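Basically the working numbering = 1-based index in the sequence shown + 5. Idealized CB from N, CA, C, for every residue including glycine. Since this is a predicted model, take the numbers as computed values, not measurements.
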Amino acid sequence: MEIEKKEYIRRLSNFLVENETKMTGKNLADHLNWNGYRTNSGNKYIGERGIYTLIHSVYN
């Protein structure tokens, strides 16, 4: 079963905090693309505005 995109980001952020590490927007975009996640318009993430919009939406 695929994890919903926002839940995936939430779990990943918790993992990063617990391990006292961080990830760049570009790294997150690559990670999401590798795991088959796409933007709402069906495109691959490229580490720009879309990735930050997604992160922001997780915390709203």
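- First through last residue of the alpha helix (DSSP H) which encompasses Y13: K10 to E23
- Give the straight-line distance between the Cα atoms of S46 and K11, rounded to the nearest whole angstrom. 16 Å
- Item | G30, enclosing alpha helix (DSSP H) - first and last residue | G30 to W39
- Task: Using a threshold of 8 Å, state whether the C-beta atoms of N65 and Y50 are closer than that.
- Result: no
- Task: Let me know if L33 comes out buried or exposed under the rule of 16 or more other beta-carbons within 10 Å of its beta-carbon.
- Result: buried
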